[in-house]
Each structure stands twice: as structure tokens, then as C-alpha cells.
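Notes follow once the structure below has been shown.
In UniProt numbering, the protein residues as written are 1 to 163.
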């Protein structure tokens with residue numbers, strides 16, 4: 001059993017000591033493989049602690065922390081990518097009615113912007129700042145809603161409305 005474990009840990013050390021950087025083996029593994037690797041490393045950590053080999057235990061602990069950090073970073077990137085791929089609610093040329101004021105108009109432009117939002121993290125009991133991708137629409141209102149100044153027609157106006 002110990003010989004097999006030593007060979008497995010030696011092959012794990014070789015794969016992580018390769019190129020490093022962005023192409024390392026931890027980043028190429030999916031979450032399931034990473035969890036299995038973490039469990040294996042935790043077993044190695046317990047064996048090192050039981051054998052009072054604290055140098056090896058600290059190395060294994062650092063490897064576990066590195067993999068967990070990579071998993072967390074991957075989850076954040078996936079969440080951000082999911083927000084970025086969100087489709088707009090309205091399309092160009094679509095007629096819309098303002099939800100509060102009741103004026104009507106046509107969508108003539110769409111902008112996607114990142115806005116800072118503050119969210120309360122229930123587990124940590126603190127406010128966390130994040131970035132949320134929102135769509136803003138350029139709406140050409142109906143001619144009845146164009147502002148008129150001193151009897152002069154100023155021409156079409158465009159409203160920028162948040163989704």
C-alpha cells in the first residue's frame with residue numbers, strides 16, 4: 001500500500017512541477033478530478049502528521065491550498081462568464097412601454113455595461129462588492145413625448161433606460 005501511495009504521490013509531484021503557470025495540471029482537471037485529488041492529498045497529509053513528518057505535511061497542505069484556490073478562481077470565472085452571456089430582454093426595433101411613466105417608444109440601441117453592486121453575504125455577515133453586467137437601452141420615444149421648448153420643436157430625443 002505504501003509503495004503504491006509513494007508512486008502516486010511521486011507522479012503527482014512530477015505533473016505539478018512541469019511548466020507551471022497557466023497550463024498546469026490542476027487547471028486542466030475538472031472539478032470532480034480536483035476533489036478526488038484533494039481527498040488523496042488530505043489522506044497524505046494525515047499520514048504525514050501521524051508519521052510526524054511535518055515538512056512533508058506542510059508541502060501537502062500548500063498543495064491542497066493551491067488546488068482549492070484554483071477551484072475557487074475557476075468558479076468565479078465561470079460565474080462571470082455566465083453573467084456576460086446573459087441575453088438582452090428586448091431586441092432592436094421592439095416597441096416598449098415605460099413601466100413607471102407609461103410612455104411608449106422603440107428600442108434603437110443596446111449597451112452592455114458593468115456596474116458595481118453591493119450584496120450582503122449572509123454567511124460572512126458583511127457587505128461584498130461585486131460587478132454585475134446590465135443592459136441599457138436607447139429608446140426613441142413616441143413623438144407625443146418629445147419635449148418642446150418655447151413652441152420650438154427640438155427634434156427627436158433618445159432616452160437611455162436601464163433594463
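Idealized CB from N, CA, C, for every residue including glycine.
In this structure, DSSP gives residue 92 a state outside helix and strand, which the three-state scheme calls coil. The stretch 127-137 and the stretch 82-100 touch, with no fewer than 3 CB-CB distances between them shorter than 8 angstroms. Nearest to residue 59 by alpha-carbon distance, out of 74, 70 and 42, is 42.
Per DSSP, residue 124 lies in no alpha helix (DSSP H) and is assigned neither H nor E. When C-beta atoms of the stretch 91-110 are compared with those of the stretch 139-148, three or more pairs fall below 8 angstroms, so the two segments count as touching. Collapsing the DSSP output to three states places residue 52 in coil. Nearest in C-alpha terms to residue 144, of all of 102, 35 and 163, is 102. When rounded, the separation of the alpha-carbon atoms in residue 35 and residue 61 is 14 angstroms.
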